[in-house]
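If you read the sequence shown in the numbering used here, its first letter stands for residue 2, the second for the next number, and so on.
Yeah, the Cβ is synthetic: ideal placement off N, Cα and C, and Gly gets one too.
Owing to the predicted nature of the structure, the values given are computational and were not obtained by experimental measurement.
Encoded as structure tokens, the structure appears first; notes follow it.
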Amino acid sequence: MSARENIIPVFVPHLGCPNDCVFCNQRHISGAQRPAAAEDVREAIEKAAALPCNGAKRQLAFYGGSFTAIPVADQESMLGVGKEYMDKGIIHSIRLSTRPDAIDGAVLTRLKSYGVETIELGAQSLNEKVLLLSGRGHTAQDVVDASKLIKEWGFKLILQMMTGLPGDSEESCLETVRKIIELKPDGVRVYPTVIVKDTALFNLWKAGRYKEHSVEDAVEICSKIVPMFNAANIPIIRLGLNPTDDLSGGDAVGGAYHPALGELVKSRIMLNKARELLNGVDAGSKVILGVNKSKVSQMTGQHRQNIETLCREFSLKELKIRPAEVNDEEILIISVEKSA
Numbered sequence: 002m003s004a005r006e007n008i009i010p011v012f013v014p015h016l017g018c019p020n021d022c023v024f025c026n027q028r029h030i031s032g033a034q035r036p037a038a039a040e041d042v043r044e045a046i047e048k049a050a051a052l053p054c055n056g057a058k059r060q061l062a063f064y065g066g067s068f069t070a071i072p073v074a075d076q077e078s079m080l081g082v083g084k085e086y087m088d089k090g091i092i093h094s095i096r097l098s099t100r101p102d103a104i105d106g107a108v109l110t111r112l113k114s115y116g117v118e119t120i121e122l123g124a125q126s127l128n129e130k131v132l133l134l135s136g137r138g139h140t141a142q143d144v145v146d147a148s149k150l151i152k153e154w155g156f157k158l159i160l161q162m163m164t165g166l167p168g169d170s171e172e173s174c175l176e177t178v179r180k181i182i183e184l185k186p187d188g189v190r191v192y193p194t195v196i197v198k199d200t201a202l203f204n205l206w207k208a209g210r211y212k213e214h215s216v217e218d219a220v221e222i223c224s225k226i227v228p229m230f231n232a233a234n235i236p237i238i239r240l241g242l243n244p245t246d247d248l249s250g251g252d253a254v255g256g257a258y259h260p261a262l263g264e265l266v267k268s269r270i271m272l273n274k275a276r277e278l279l280n281g282v283d284a285g286s287k288v289i290l291g292v293n294k295s296k297v298s299q300m301t302g303q304h305r306q307n308i309e310t311l312c313r314e315f316s317l318k319e320l321k322i323r324p325a326e327v328n329d330e331e332i333l334i335i336s337v338e339k340s341a
């Protein structure tokens, strides 16, 4: 997704979903209480068109349900509105999200005819056990087949994955990342599992049959996932659920819900890099680390947590972070003053 795109979101919660995944209540997650229809699409575009776009392209985006699994007439009704405004030059592209087992040649032919550019697949995991325990209703091979077909037809492919699902582990999660990288998507969304009210996962958690995937768990695993996608040049479009009033107001009762999860992960990545750099530094030393000025707060950590952690782990007498002329990802040791 270009930084020069204005997204016009239209939520279709639960439309087309053949079953409820254990973690899902789209109405709580999206804040949308009823599925959208053609008139909602028109209203959303008209509102966006009334605002200045400053040269940015507008993209109509259908989020929430499994768009290609809803009745064809409903798909065409909503897509038709999008195509109408695309032909007028008011919007420039359409994206939608759907299930891997709701993609075939006939579906892609229809989407092409309405000008759809980007398809997001809810893969969530590429581990069969995790998919089964999460009630996904599709296989890992369905994800692979759909992804390849989407790319063959010339669409942009975005894959969504989750961490901390029932039956998941660090090993299975990182294996999912490796398999996603092999599929060469144009981008990914990473959603650590949040326990939302009125879901099967909430009931499992209350009954003690699901161990909560905490914010700390998510930060730790995502600090390993993000560098893998970065190394493969696969953009991470979103890390963590987008905060909503409903989720922040109590619908997110547990799990990895944090309004600044992405920043926490970036800070942990900086911490891990600093750990490697400080290996071998004498205990009791005073150290000054240099990072790009835009990364000082991330390196410091929330409430100076990274500084305190590094001082404790390496028995440092003092650790300071200073701006330096280095690239965004680099950390250097400016000075080390050994104890007498």
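Pull the bridge partners of residue i from the DSSP assignment, please.
| i | result |
| --- | --- |
| residue 64 | 12 |
| residue 7 | 59 |
| residue 137 | Answer is none; residue 137 lacks a bridge partner. |
| residue 43 | DSSP, once it has assigned bridges, lists no residue as partnering residue 43. |
| residue 269 | According to DSSP, which records beta bridges pairwise, residue 269 is partnered with nothing at all. |
| residue 96 | 62 and 119 |
Can you give me the Cβ contacts of residue i inside the same chain, cut-off strictly under 6 Å, excluding the 5 residues immediately before and after it?
| i | result |
| --- | --- |
| residue 188 | 159, 236 and 238 |
| residue 154 | 109 |
Note down the Cα distance separating residue i from residue j, rounded to an integer number of angstroms.
| i | j | result |
| --- | --- | --- |
| residue 76 | residue 65 | 14 Å |
| residue 51 | residue 37 | 20 Å |
| residue 29 | residue 198 | Note that residue 29 scores 45 on pLDDT, short of 50, meaning its location in the model is unreliable; the coordinates nonetheless yield the value given after this. Their backbone Cα atoms lie some 8 Å apart in a straight line. |
| residue 266 | residue 44 | 37 Å |
| residue 274 | residue 332 | 7 Å |
| residue 4 | residue 54 | Because residue 4 carries a pLDDT of 42, less than 50, the predicted location of this residue cannot be relied on, and no value is offered for it. |
| residue 111 | residue 104 | 11 Å |
| residue 192 | residue 8 | 20 Å |
| residue 303 | residue 233 | 29 Å |
| residue 115 | residue 205 | 41 Å |
| residue 59 | residue 89 | 12 Å |
| residue 323 | residue 300 | 10 Å |
| residue 129 | residue 56 | 45 Å |
| residue 184 | residue 145 | 7 Å |
| residue 249 | residue 162 | 22 Å |
| residue 221 | residue 272 | 11 Å |
| residue 330 | residue 281 | 21 Å |
| residue 218 | residue 164 | 9 Å |
| residue 117 | residue 133 | 30 Å |
| residue 203 | residue 141 | 25 Å |
| residue 269 | residue 169 | 21 Å |
| residue 207 | residue 39 | 39 Å |
For residue i, does the three-state DSSP call read helix, strand or coil?
| i | result |
| --- | --- |
| residue 181 | helix |
| residue 1 | Look at the range of the chain in this structure, 2 to 341, and you will see that residue 1 is not part of it. |
| residue 208 | coil |
| residue 86 | helix |
| residue 196 | strand |
| residue 251 | helix |
| residue 225 | helix |
| residue 101 | helix |
| residue 256 | strand |
| residue 215 | coil |
| residue 288 | strand |
| residue 323 | strand |
| residue 336 | strand |
| residue 124 | strand |
| residue 189 | strand |
| residue 118 | strand |
| residue 91 | coil |
| residue 157 | strand |
| residue 164 | strand |
| residue 317 | coil |
| residue 308 | helix |
| residue 240 | strand |
| residue 52 | coil |
| residue 203 | helix |
| residue 147 | helix |
| residue 1 | Absent from the structure is residue 1, since the part of the chain shown begins at 2 and ends at 341. |
Near residue i, which residues of its chain fall below 8 Å by C-beta distance, leaving aside the five closest residues on each side in sequence?
| i | result |
| --- | --- |
| residue 42 | 11, 61, 79, 82 and 83 |
| residue 229 | 175, 178, 179 and 182 |
| residue 328 | 293 |
| residue 151 | 104, 109, 120, 122 and 158 |
| residue 139 | 100, 101, 102 and 132 |
Excluding sequence positions up to five away, which residues of its chain have a Cβ less than 7 Å from the Cβ of residue i?
| i | result |
| --- | --- |
| residue 339 | 283 and 286 |
| residue 137 | 22 and 125 |
| residue 194 | 24, 163, 164, 165, 166, 214, 256 and 257 |
| residue 278 | 332 and 334 |
| residue 240 | 191, 223, 262, 263 and 266 |
Q | Stretch pair the region 95-102 + the region 209-226: three plus CB contacts closer than 8 Å | A | By the Cβ test, the region 95-102 is not in contact with the region 209-226, since fewer than three Cβ pairs between them sit closer than 8 Å.
Q. Would you call the region 278-297 and the region 244-262 touching, i.e. three or more CB-CB distances under 8 Å?
A. no
Q) Looking at C-beta atoms only, is the number of pairs between the region 217-234 and the region 173-180 that lie closer than 8 Å three or more? A) For the pair of segments examined, the region 217-234 was found to touch the region 173-180: the number of CB pairs separated by less than 8 Å reaches three.
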